[in-house]
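Undergrad: Just dropping this structure here.
Residue numbers (this note's numbering): 352 to 983.
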């Protein structure tokens, strides 16, 4: 590959990406590293030809590792366990790709996937990649209206679904939700391929095909060579409301970046067991349940369960021991849940965790108290790393496969090679070390990041690149210290202004989380006619706490005043049973802020428990913030 003719990318990074690209399979290797002719629509490896499914499955079989386990399926909610080899996966994916072809799916057509955490979800994704169809996975159990919005935006030729999903205490029937969504949608898919699960058998209608019967009659289908920048998938961000925001990832950039990350960031080699305890409906599921591990020849774990309640707070430890997991990647909220139920990690001692090399956390800012607890209990590196749906892989991380840096609680360490992270003020001017500002990344973004928004290139540019010319606007606020460590403190909207003082809600949350009775917390900025904004804290307590809620609140308020100072004006605080979150574990701070400010708000499509907002509304009212508006 020719080096860049410009200085957009440092020579060291050019060399790194040339070497990384040489590690994947190409039908035709690229001769150009980066097409920078149309910023911010940069194109990596633009004249190459490859296929993601071939790199994820076929290649390993051809290299003689077909008998290696590709997928471990562990489902405590159905008492099911299954091992699928790369050879078996190749047969399943090839046949499902043949079924899609039988239904008229061609290169560039979209396929919407609406499934729980089962192997068939990965099979459907890989089958799409095999024939150049663009998949869009929607989290199983999504509400009909939101599903209809995505159907109309992606206009899929085929929908692939399961009859149900299974939660610890209930069965979620998917088919009625899907049928209603199709009724609401203007676009009509030609057919739905439905996997019938025994816990809630499918009721097939005129447009529906039974997965098992249809696949049995389908032919095996080979991989289709695809242009490097052919879209691999569309993934709608969890905050989507009204106008869809479909992140588009390309084929070659994804293969190169994700394969590189497996060995360089996570320090796993082919054959190692890698477990991302997430869901295929989220970006973590795409990058690190399906594609990343399989590009690298790892064994990946598909876990249909929870960190607690299936059956207890020792669930993760059982999986690590049983399958010799080398790296676990999950959200901080999962560890907060484990800590809440088992504060002393007593269940951990029932299991042999000797296979575990490291724990990686991402998806929600990891407060130092949670990180320190996990590190103390596991006695292993706990790596907080920062990335987004848009980037697809780490912006900042402690790269265990290169050089492990000292772990600093509260920081995802330094920028990963390929990312030039800077901090600027509202006018785009650089700020000094330690000063909070907007976190931005200098263009061009590295391979594997999003290339556009589906059917919305103008929005791609205006939402992410126009405010700070020459930079990608992450939407996160934070600072970089004198050692180059990045501290992601809050979303930009969550940096509050109290009587002219800019304060990070994340910094206040760090203090609150340090109280021994607090399992997790959230701080939001609410409108105040006198000071502009005031911080309000909501606390969830650990199991077994004997102190009264009033005592904990009083101590928490005093702790903030002592450690942040009176400037924080922190006096609004309450205990709640749970915090409202998305299904991926992100706390819905913006929704709570709207409730507190009396603004009209919409029930978030991705909320895990809508009823929890009723409790939050009542708690806010007791703090003097009654709400005149209702959900819209």
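Beta carbons: idealized from backbone N, C-alpha and C, even for Gly. Computed from a predicted model, the values in this text were never measured in an experiment.
1. Expressed to the nearest angstrom, what Euclidean distance is found between the alpha-carbon atoms of residue 615 and residue 609?
2. Name the DSSP beta bridge partners of residue 542, please?
3. What residue range is occupied by the uninterrupted beta strand (DSSP E) comprising residue 626?
4. Exposed or buried, what is residue 709 when buried is set at 16 or more other beta-carbons lying within 10 Å of its beta-carbon?
5. Measure the alpha-carbon distance for residue 980 versus residue 950 and round it to whole angstroms.
6. Rounding to the nearest angstrom, what Cα-Cα distance links residue 659 and residue 516 in this structure?
7. Taking a contact to mean a Cβ-Cβ separation below 8 Å, would you say residue 544 touches residue 450 in this structure?
8. Across the region 902–915 and the region 952–971, are there enough close Cβ pairs to call them in contact, namely three or more that are closer than 8 Å?
9. Could you have a look at residue 568 and say whether DSSP puts it in helix, strand or coil?
10. Does the beta carbon of residue 379 come closer than 8 Å to any beta carbon on chain C?
11. Can you tell me which of the three DSSP states residue 434 falls into?
12. For residue 551, write down the residues that DSSP places opposite it in a beta bridge.
13. At 3 residues or longer, and completely inside the region 818–892: list those beta strand (DSSP E) runs for me, N to C.
14. Out of 402, 750 and 717, which one is the CA nearest neighbour of residue 872?
15. For residue 401, write down the residues that DSSP places opposite it in a beta bridge.
16. Within 10 angstroms of the Cβ of residue 827, are there 16 or more other Cβ atoms? Answer buried if so, exposed if not.
17. What three-state label does DSSP hand residue 962 in the structure shown?
18. Below 8 Å between beta carbons: does that hold for residue 441 and residue 409?
19. Buried or exposed for residue 597, going by 16 or more other Cβ atoms inside 10 Å?
20. Do residue 552 and the ligand ZN come close, with the Cβ less than 7 Å from some heavy atom?
21. Using the Cα positions of residue 794 and residue 735, report the straight-line distance between them to the nearest angstrom.
22. Would residue 840 and residue 915 be called neighbours here (beta carbons separated by less than 8 Å)?
23. Does DSSP put residue 597 in a helix, in a strand, or in coil?
24. In this structure, does DSSP put residue 667 in helix, strand or coil?
25. Compute the Euclidean distance between the alpha carbons of residue 611 and residue 371, then round it to the nearest angstrom.
26. How big is the Cα-Cα spacing for residue 502 and residue 533?
27. Please tell me whether residue 889 and residue 849 are closer than 8 Å, where the distance is taken between their beta carbons.
28. Threshold first: 4 residues or longer. Then list the alpha helix (DSSP H) segments lying entirely within the region 608–692, N to C.
29. Do residue 866 and residue 907 count as a contact pair if the criterion is CB distance below 8 Å?
30. Which residues bound the alpha helix (DSSP H) around residue 533?
31. Work out the CA separation of residue 446 and residue 483 for me, nearest whole Å.
32. State whether the region 420–439 contacts the region 468–476, with contact taken as three or more CB pairs (one from each stretch) at a distance under 8 Å.
33. Taking a contact to mean a Cβ-Cβ separation below 8 Å, would you say residue 808 touches residue 847 in this structure?
34. Look up residue 487 in the DSSP assignment and say whether it is helix, strand or coil.
35. Buried or exposed: residue 592, going by 16 or more other Cβ atoms within 10 Å of its Cβ?
36. Measure the beta-carbon distance from residue 577 to residue 637 and round it to whole angstroms, keeping in mind my assumption that it falls under 8 Å.
TA: Result, derived from the coordinates:
1. Here the question's residue 615 lines up with position 264 in the chain shown. Here the question's residue 609 lines up with position 258 in the chain shown. Spanning the two alpha carbons is a distance of roughly 10 Å.
2. In the chain shown, the residue the question calls residue 542 occupies position 191. 509.
3. Walking along the chain shown from the start, residue 626 turns up at place 275. Where residue 626 is concerned, the enclosing beta strand (DSSP E) stretches over 624–627.
4. For the purposes of this step, residue 709 is identified with residue 358 of the chain shown, where counting begins at 1. Residue 709 should be labelled buried.
5. For the purposes of this step, residue 980 is taken as the residue at position 629 of the chain shown. For the purposes of this step, residue 950 is taken as the residue at position 599 of the chain shown. Residue placement at residue 980 cannot be trusted, given a pLDDT of 43 that sits under 50; what the coordinates show is reported in the next sentence. Roughly 6 Å separates the two Cα atoms.
6. Counted from its first residue, the chain shown places residue 659 at position 308. Counted from its first residue, the chain shown places residue 516 at position 165. Going from the Cα of residue 659 to the Cα of residue 516 covers about 18 Å.
7. In the chain shown, residue 544 corresponds to position 193, counting from 1. In the chain shown, residue 450 corresponds to position 99, counting from 1. A contact, by the Cβ cut-off of 8 Å.
8. no
9. The residue given as residue 568 occupies position 217 in the chain shown. In the structure shown, residue 568 sits in coil (DSSP, three-state: anything other than H, G, I, E or B).
10. Absent here is chain C; the protein component of the structure consists of one chain.
11. Working through the chain shown from its first residue, we reach residue 434 at position 83. Three-state result, residue 434: strand.
12. Stepping through the chain shown from its first residue, residue 551 is reached at position 200. In DSSP, residue 551 forms a bridge with 548.
13. 822–831, 837–842, 846–849, 852–855, 869–879 and 883–892
14. Locating residue 872 in the chain shown gives position 521, counting from the first residue. For residue 872, the nearest C-alpha among the options comes from 717.
15. For the purposes of this step, residue 401 is identified with residue 50 of the chain shown, where counting begins at 1. Bridge partners of residue 401: 577.
16. The count along the chain shown starts at 1 and reaches residue 827 at position 476. By the 10 Å Cβ count, residue 827 comes out buried.
17. To locate residue 962, count along the chain shown from 1; it is residue 611. The answer is coil: DSSP assigns residue 962 none of H, G, I, E or B.
18. Locating residue 441 in the chain shown gives position 90, where the first residue counts as 1. Locating residue 409 in the chain shown gives position 58, where the first residue counts as 1. Yes, the Cβ-Cβ distance between residue 441 and residue 409 is below 8 Å.
19. Here the question's residue 597 lines up with position 246 in the chain shown. The residue in question, residue 597, is buried, as its Cβ has 16 or more Cβ neighbours within 10 Å.
20. Within the structure as shown, the ligand ZN is missing, as the structure has no ligands at all.
21. Position 443 of the chain shown, counted from the start, is the residue given in the question as residue 794. Position 384 of the chain shown, counted from the start, is the residue given in the question as residue 735. Each residue's alpha carbon lies about 24 Å from the other.
22. Position 489 of the chain shown, counting from 1, holds the residue named residue 840. Position 564 of the chain shown, counting from 1, holds the residue named residue 915. Contact flag unset, no.
23. In the chain shown, residue 597 corresponds to position 246, counting from 1. Note: residue 597 maps to strand in three-state DSSP.
24. Working through the chain shown from its first residue, we reach residue 667 at position 316. Residue 667 falls in the helix class under three-state DSSP.
25. Your numbering for residue 611 matches position 260 in the chain shown. Your numbering for residue 371 matches position 20 in the chain shown. Approximately 6 Å, taken between the alpha carbons.
26. Translated into the one-based positions of the chain shown, residue 502 becomes position 151. Translated into the one-based positions of the chain shown, residue 533 becomes position 182. Their backbone Cα atoms lie some 8 Å apart in a straight line.
27. Walking along the chain shown from the start, residue 889 turns up at place 538. Walking along the chain shown from the start, residue 849 turns up at place 498. Contact: no.
28. 643–646, 666–674 and 683–692
29. Start at 1 with the first residue of the chain shown, and residue 907 comes out as number 556. Start at 1 with the first residue of the chain shown, and residue 866 comes out as number 515. For residue 907 and residue 866, yes; Cβs fall inside 8 Å.
30. Along the chain shown, read from residue 1 onward, the residue named residue 533 stands at position 182. That run of the alpha helix (DSSP H) goes 525–535.
31. For the purposes of this step, residue 483 is taken as residue 132 along the chain shown, with counting starting at 1. For the purposes of this step, residue 446 is taken as residue 95 along the chain shown, with counting starting at 1. Distance between the alpha carbons of residue 483 and residue 446 is about 15 Å.
32. yes
33. Here residue 808 refers to the residue found at position 457 of the chain shown. Here residue 847 refers to the residue found at position 496 of the chain shown. No. Outside cutoff.
34. One-based indexing of the chain shown puts residue 487 at position 136. Here residue 487 sits in strand by DSSP.
35. Along the chain shown, one-based indexing puts residue 592 at 241. In this prediction, residue 592 has a pLDDT of 43, which is less than 50 and means its spatial position is unreliable; what the coordinates show is noted afterwards. Under this definition residue 592 is an exposed residue.
36. Translated into positions along the chain shown, residue 577 becomes position 226. Translated into positions along the chain shown, residue 637 becomes position 286. That pair is no contact at about 17 Å.
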